[in-house]
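In our numbering, the protein residues as written are 62 to 135.
Here a beta-carbon is modelled for each residue, glycine too, at the ideal position from N, C-alpha and C.
Values in this document were obtained by computation on a predicted structure and should not be read as measured data.
Dropping the structure here:
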């Protein structure tokens, strides 16, 4: 799905789920991530295929960090 076709609501949903997605990747459980979410994360450049495996991009790492900071900051 092209980046431009991802709605604001969908982007917010993906942002909320990115930390659990990152956790799944860290545990080597990419199979736990919905295929449509993977497609959208790749379109947003938050995930990338690397050597046959998924990993967070620098952008994805930054989005995770921003999300964590927003939760931790009162």
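Residue 110 beta carbon less than 8 Å from that of residue 124:
Not closer than 8 Å, so no.
Assign residue 121 to one of two classes, buried (16 or more other C-beta atoms within 10 Å of its C-beta) or exposed (fewer than that).
buried
Relative to the C-alpha of residue 89, which residue among 80, 69, 105 and 114 is closest?
114
With 16 other Cβ atoms within 10 Å as the buried cut-off, status of residue 105:
That one is buried.
Taking buried to mean at least 16 other C-beta atoms within 10 Å of its own C-beta, is residue 96 buried or exposed?
Exposed.
Looking at residue 73 and residue 117, is the spacing between their C-beta atoms short of 8 Å?
Cβ atoms of residue 117 and residue 73: not closer than 8 Å.
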